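Chemist: Following this message is one structure expressed as structure tokens.
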Amino acid sequence: MNSLRRSPITGLYHPRTTIYSLSNSSLTDNQSSSSLKRKTSTVDRILYADKSGFLPSESYSCSSRSQSNVDLSKSLSSLDQSILEAQVKRALSCNETMEATIKRIRTEGLYSIKDLINQNEVLERSLQESNMKISQLEHLLNKTKQQRIISNDITTPISNYEEKIKNLENDKLQLKLQFEQVKSIK
């Protein structure tokens, strides 16, 4: 009895034979089905070779009992050769692609490493400049804290004068506000 099996590669249906009985009445059916089996298995091997990228180790053989008018042995050897050529071309193409990818990744890696080195140098310079500015500001702060104004032989801290300046500025602002109010009334 014949059934169809779908090929995972091509999506086409291929006949698959199953023998349920070996009675004398079906002897001719069995012979034709066995030749069909051999043809199908040959096609399956070719499809497997195409799918996996490797040829099976078995050689393709055609039986002399085959009822086909086509001599498959010659076409299979040329098919084997064309499959091998296609596999070699595919392997060479993959190899070239991989080499190009590796070169691209190497150059990108080198450029990114150089960029990182440059960024690191810039950051180190800015860190050194920042440290210098911080030390200068700390020095100025210490100077300001220690500074005192001497007037009439009395030492007075700067903070007292700063408070007086703030008070004078506040008084000035209040006078301005009063002046504006007087202007608006007139």
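Each residue of the sequence shown is one higher than the one before, counting from 42 in the working numbering. Every residue gets a Cβ at the ideal spot worked out from N, C-alpha and C, and that includes glycine. All of these numbers come straight from a predicted model, not from anything done at the bench.
#1: Tell me whether Ser48 sits in a helix, a strand or coil according to DSSP, three-state version.
#2: What residue range is occupied by the uninterrupted alpha helix (DSSP H) comprising Leu216?
#3: Using the Cα positions of Pro56 and Arg145, report the straight-line distance between them to the nearest angstrom.
#4: Among all the DSSP beta bridges, which residues are the ones paired with Tyr54?
#5: Could you check whether the Cβ of Asn136 sits closer than 8 Å to any Cβ belonging to chain C?
#6: Could you check the C-alpha separation between Lys224 and Leu216 for me, to the nearest Å?
#7: Just the Cα atoms here: how many angstroms apart are Ala132 and Glu170?
#8: Tell me the rounded alpha-carbon separation between Val129 and Tyr152.
#9: What separation, rounded to the nearest whole angstrom, lies between the Cα atoms of Ile206 and Asn159?
#10: Using only the alpha-carbon positions, how far apart do Ser200 and Lys213 sit?
#11: Would you tell me roughly how many angstroms separate the C-alpha atoms of Asn162 and Leu168, rounded to the nearest one?
Modeler: Straight from the coordinates:
#1: coil
#2: Ile199 to Ile226
#3: 48 Å
#4: Arg47
#5: Here there is only one protein chain, and chain C is not present.
#6: 12 Å
#7: 56 Å
#8: 34 Å
#9: 49 Å
#10: 20 Å
#11: Position check: residue 162 holds Glu in this sequence, whereas Asn was assumed. Rounded to the nearest angstrom, the two C-alpha atoms are 10 Å apart.
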